[in-house]
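Below is one structure, written out as structure tokens; the observations come after it.
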Amino acid sequence: MHNDRFHINSLSAKIILLCGVIALLGMGGVIWMNSIRAHNQAFYTAEAQMRSEGRLITENVESVLHTLREDTEIVALSPDVQLIADHFSGQFEETTDYITLQNALSTTSQLFMNVMERRPHVFHYA
Numbered sequence: 021m022h023n024d025r026f027h028i029n030s031l032s033a034k035i036i037l038l039c040g041v042i043a044l045l046g047m048g049g050v051i052w053m054n055s056i057r058a059h060n061q062a063f064y065t066a067e068a069q070m071r072s073e074g075r076l077i078t079e080n081v082e083s084v085l086h087t088l089r090e091d092t093e094i095v096a097l098s099p100d101v102q103l104i105a106d107h108f109s110g111q112f113e114e115t116t117d118y119i120t121l122q123n124a125l126s127t128t129s130q131l132f133m134n135v136m137e138r139r140p141h142v143f144h145y146a
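The letter at position 65 of the sequence shown is residue 85 when you use this note's numbering, and the numbering goes up by one with no holes.
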């Protein structure tokens, strides 16, 4: 027994079926190409955003380091800091007593605390 249910006899029906198959294959190709293009675009967009974030972080870190350098240079000019540096480098004068050194340490400590209080955003990174 022969099944004629799916058998196409007319030439026009075969042409219509062939055109439908070609159209479906073409649509599949276009969808595939568009998905590749969308994936590439998403990748390049994410890459550009990461570069932008990296530049922003770099600028913030450079700003913080610049501020820390300026603060350090200002604090280093303090006579108390010079006295402490001389003491620990071995250039400590014998005429300077222990109480003077303790006062210098206390003053320097307070100086650093004031700097840290005035710039909490800088020391947040530390």
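Positions of the beta carbon are idealized from the N, C-alpha and C atoms, including for glycine.
What are the boundary residues of the alpha helix (DSSP H) that residue i is part of?
i, result
"Asn54", "31 to 96"
"Arg138", "118 to 138"
"His27", "Counting along the chain, His27 falls outside any alpha helix (DSSP H), and DSSP gives it neither H nor E."
With a 10 Å radius around its C-beta and 16 neighbouring C-beta atoms as the bar for buried, classify residue i as buried or exposed.
i, result
"Asp117", "exposed"
"Ala124", "buried"
"Leu103", "buried"
"Met21", "Bear in mind that a pLDDT of 48 at Met21, under 50, signals an unreliable position, so the model cannot answer this."
Is the beta carbon of residue i less than 7 Å from the beta carbon of residue j?
i, j, result
"Val101", "Thr128", "yes"
"Ile28", "Lys34", "yes"
"His107", "Leu121", "yes"
Check whether the Cβ of residue i sits closer than 6 Å to any heavy atom of the ligand ATP, and report yes or no.
i, result
"Ala43", "Among the components of this structure there are no ligands whatsoever, and the ligand ATP is therefore not found."
- Segment contact flag, the segment 131 to 138 with the segment 80 to 98, C-beta cutoff 8 Å, min 3 pairs: yes
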